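Note sheet for the following structure.
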Amino acid sequence: MNKLEFTIHCPVCHMTKINRSLLVNYQGVDHYFCSSQCLERFKSHPHLFVGDPKHGKSPKQKDQVVLKKRRIRFCDAISDRLKAELDASLQMLMGVEAMVFEDEDLYVTYDLIQVSLEDIEKAIEKVAVGFREGVVEQVKRGLIHYSEECELDNLAHLTKDGGCH
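Position one of the sequence shown corresponds to residue 1 (the UniProt record's numbering), numbered consecutively onward.
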């Protein structure tokens with residue numbers, strides 16, 4: 001008998017270097033992931049990565065990319081040391097396409113299907129411990145987070161007509 005061989009890909013980023021301990025069984029199928037980030041992304045929005053007979057292929061299966069560019073403003077100019085640490089930390093996130101530092105601003109371009117602004121902010125907070133912004137800025141970010149979640153839900157076709165609103 002011939003053994004059927006195939007390569008296992010992470011459903012979020014399509015990497016072939018997977019970690020067999022990062023496993024989720026979704027709709028009776030085992031899915032393996034390359035990183036905790038991809039595992040968590042899949043758990044929060046599985047329909048972005050797995051299609052079904054009723055709705056067809058998922059956005060990721062269609063090679064869809066949803067690029068976002070956001071400005072993250074720090075209280076002061078970003079030091080070279082902090083820039084280097086932020087650059088290293090954010091480059092580790094799947095889906096971060098580009099970063100540009102200008103004085104106290106960091107411009108990040110990312111694929112919303114793979115990573116959200118909230119994920120990026122969490123990575124920044126780990127590097128820049130003690131960094132906090134005012135309440136107004138947090139509310140603005142909250143609105144962006146909500147709009148990104150709605151956009152992801154729309155992409156994941158969670159309703160009959162493909163939208164959450």
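Glycine included, every Cβ here is placed at the ideal spot set by N, Cα and C.
All values derive from a computational prediction rather than experimental measurement.
Where glutamate 104 sits in the DSSP three-state scheme: Against the sequence shown, residue 104 aligns to sequence position 104. Note: glutamate 104 maps to coil in three-state DSSP.
Assigned exposure category for arginine 73 - 16 Cβ within 10 Å defines buried: Within the sequence shown, numbered from 1, the residue matching residue 73 stands at position 73. That one is exposed.
For serine 147, the three-state DSSP class (helix, strand or coil): The residue you call residue 147 lines up with position 147 of the sequence shown. The answer is helix: DSSP assigns serine 147 an H, G or I state.
Distance between cysteine 75 and asparagine 25 (C-alpha atoms, nearest Å): Along the sequence shown, one-based indexing puts residue 25 at 25. Along the sequence shown, one-based indexing puts residue 75 at 75. Using only the alpha carbons, I get a separation of about 43 Å.
Contact check, leucine 39 vs aspartate 30, beta carbons under 7 Å: Position 39 of the sequence shown, counted from the start, is the residue given in the question as residue 39. Position 30 of the sequence shown, counted from the start, is the residue given in the question as residue 30. Going by C-beta atoms, leucine 39 is not nearer than 7 Å to aspartate 30.
Assigned exposure category for aspartate 80 - 16 Cβ within 10 Å defines buried: Counting from one through the sequence shown, the residue named residue 80 turns up at place 80. Result: exposed.
Unbroken alpha helix (DSSP H) run spanning phenylalanine 42, endpoints: Position 42 of the sequence shown, counting from 1, holds the residue named residue 42. If you look at phenylalanine 42, you'll find it in the alpha helix (DSSP H) that goes 36 to 44.
Secondary structure of glutamate 72, DSSP reduced to three states: To locate residue 72, count along the sequence shown from 1; it is residue 72. Contrary to the premise, residue 72 reads as isoleucine rather than glutamate in this sequence. Here isoleucine 72 sits in strand by DSSP.
Contact belief for residue 189 with valine 96 at Cβ below 8 Å, rounded distance in angstroms: The chain is shown only over 1 to 165; residue 189 falls outside these bounds and no answer can be derived.
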